[in-house]
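Q: Would you mind keeping the following structure in view while I ask a few things?
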Amino acid sequence: MGYEVEGCPRLDSTIVTIIASTTGESSETACNSYTWEGTEYTTSDDYEKTFTNAAGCDSVHTLHLTINYSNT
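Numbered according to the numbering used here, the sequence shown terminates at residue 81, and the numbering increases by one at each position without gaps.
Here it is, written out as structure tokens:
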């Protein structure tokens, strides 16, 4: 954006760096329960957790979990 200061043209600029978030996914199969990042899951489903990546941005990881139940 340009403008004048005391009769002299002045040009200001802004440098913007966009750092993208990251995503990831994994699939796991377990018997009866599965513990992921301190949380125990007992139902098959897709679960998401948000972490902070090395650039300081959100990193969303999706876990595709299948729970098989034992016959006890």
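Note that CB positions come from ideal geometry on N, CA and C, so glycine has one too.
1. Considering only residues of the same chain and omitting the five flanking positions on each side of ASN62, which have a CB-CB separation below 8 angstroms?
2. In the DSSP assignment, what are the bridge partners of TYR56?
3. Grouping DSSP H, G and I as helix and E and B as strand, with all else coil, what is ASN62?
4. Which residue's Cα is closest to the Cα of LEU72: LEU20, GLU57 and CYS66?
5. Taking C-beta to C-beta, are THR51 and ILE76 nearer than 8 angstroms?
A: Let me lay it out:
1. Here residue 62 refers to the residue found at position 53 when the sequence shown is read from its first residue. Answer for ASN62: SER30, THR31 and SER68, listed in chain order.
2. The residue you call residue 56 lines up with position 47 of the sequence shown. Partner(s): LEU72.
3. Locating residue 62 in the sequence shown gives position 53, where the first residue counts as 1. It is coil, neither helix nor strand.
4. In the sequence shown, the residue the question calls residue 72 occupies position 63. Nearest option by C-alpha distance: GLU57.
5. As a working note, residue 51 is residue 42 in the sequence shown. As a working note, residue 76 is residue 67 in the sequence shown. Yes, the pair counts as a contact, with Cβ atoms nearer than the cut-off.
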